[in-house]
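To start, the structure itself, in structure tokens.
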Amino acid sequence: MQNLKLRYLKSFLQRNPAHSIQQYVNVLRGWEGLARQCYVETIKLPLREIFTEMLLVDAVFIIELFLRNCFVEYIDENDRIFNKPRMLLEVTRDVRLEENQLPFFILKGLYEMAFGSSPQNRSLSFLDVTYQFLTGRKDAVPQRIATSDIKNLVDFLRVCHLPSVLRGQFPNKNSKFEFPSSVTELSEAGVKFVASKSENLLDVRFVKGVLEIPRIKVTDDTETLFRNIMVFEQCHYYYDSYIIDYFALMDSLINTPKDVEILSQRGIIENWLGNNEEVANLFSKIFKQTRLKDPNFYYSGICRDMNEYASRSWHRWRAILKHDYFSHPWAGISVFYAIVVLILTALQVYTGFK
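Position in the sequence shown counted from 1, then plus 15, gives you the working numbering.
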């Protein structure tokens, strides 16, 4: 991998002859102190010269990776990453790992030193190329990302997934709550599940007995992706976690393959693992070894409202009646006919007594 990184560095320098490698090194030396502060004290960092060289090689590798993802003409026939889909998946996974992170200001600073605000006047900022690589989307970078103080690429992914409404933007006077029952039990209690139209994964809503959950694609990469963000939240946003709270809620809702089946039928879960039990286990595993800050739980209001709704016996009986007797038109007609016969019989008995 080191040889590949050096090849990417060579291509980067050849494409940008305005700056020499020494100029980049000098700039990084000026940023060294601030860069070291971004790493936890338990990590033993190398001496200055080695540390600066590491920053340059690794940062340019990531920048070049992002550029080649956006501009196919940058990819040569000997590229060992983009010409091998499996290799690209592995590198993408490595770039997202918490232990492989570089300070975001280093990446952004070197990019803008080389290209200004856009490479070759293509109007793509570093936020643009980062967003395209990490999300696979080519639409405009959300304003929330543009105005955030991003720490690293994991933080970038976290901000991408933040809900539309943040804490402090809605009233939540009572922080006490209990986690809801499983999807299967809630369905039996009359709660309906529908796929939300929101593209934001965390925009879960409960309105008038309907739990709206945005679609989630569950793949081989899902656990690694979100576990990294959750580890990052534990370290940097312990009192302001969102991804952790989302998976705490989903872990409560999904306990068995039957729960996964229901959510898949509703279009909420897109199962790329192929096995409902594997998906159920994933939601259970991903939340293990994670601590939840209960008093500040983002979905506490939804949990309270859902539990209150499910506790009403009328909703449960209505759900049973609809499932057992009105699941298809002929069943409904039969029930209606039986009720009419019962009423007529009662009237006949009543008139007979008269």
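Backbone N, C-alpha and C fix where the C-beta goes; we use that ideal spot for every residue, glycine too.
None of these values were measured; they are calculated from a predicted model.
By alpha-carbon distance to alanine 50, the top candidate from Pro157, Thr67, Asp236 and Ser163 is Thr67. Taking asparagine 31 as the centre and dropping the five residues before and after it, the same chain places the C-beta of Ala129 closer than 6 Å to its C-beta, in chain order. When C-beta atoms of the region 217-225 are compared with those of the region 234-246, fewer than three pairs fall below 8 Å, so the two segments do not count as touching. Counting other Cβ atoms within 10 Å of its Cβ, threonine 162 stays below 16 and is therefore classed as exposed. Ranked by how close their Cα comes to the Cα of serine 196, the residues Ile317, Ser35, Val40 and Asn41 have Ile317 in first place.
One alpha carbon belongs to glutamine 29, the other to isoleucine 90, and they sit about 14 Å apart.
Along the length of the region 68-118, whole alpha helix (DSSP H) runs at least 4 residues long occupy 100-111, reported in chain order. Going by C-alpha positions, glycine 205 is about 45 Å away from leucine 142.
For serine 213, there is no enclosing alpha helix (DSSP H), as DSSP marks it with neither H nor E.
The shortest CA-to-CA distance from arginine 182 to any of Thr239, Tyr252, Ala295 and Leu201 is the one to Tyr252. Put simply, of Leu216, Thr234 and Leu112 the residue whose alpha carbon is nearest the alpha carbon of isoleucine 259 is Leu216. Using a C-beta cut-off of 8 Å, the region 146-159 makes no contact with the region 281-289, since fewer than three inter-stretch Cβ pairs fall below that distance. Here the region 164-171 makes contact with the region 104-122; the two share three or more CB pairs at distances below 8 Å. Put simply, the region 230-242 touches the region 287-305. At least three CB pairs are less than 8 Å apart. As a beta-bridge residue in DSSP terms, phenylalanine 221 pairs with Leu226. Contact between serine 179 and aspartate 218 is confirmed by a C-beta separation of about 5 Å, below the 8 Å threshold. Secondary structure at isoleucine 283: coil, using DSSP grouped into helix, strand and coil.
Residue burial annotation: methionine 16 is exposed, with fewer than 16 other C-beta atoms found within 10 angstroms of its C-beta. Annotated as distal: isoleucine 77 and valine 40, with beta-carbon spacing of 8 Å or more. Going by DSSP, lysine 20 is part of the alpha helix (DSSP H) stretching over 17-30.
With contacts defined as CB atoms closer than 8 Å, phenylalanine 27 and valine 75 qualify as a contacting pair. The shortest C-alpha to C-alpha distance from arginine 44 to any of Ala210, Met69, Glu127 and Gln249 is the one to Met69.
For isoleucine 231, the enclosing beta strand (DSSP E) begins and ends at 231-233.
Valine 206 carries a coil assignment under DSSP once its states are collapsed to helix, strand and coil. Judged by beta-carbon spacing, asparagine 311 lies beyond the 8 Å limit of glutamate 193, meaning their Cβ atoms are not closer than that value.
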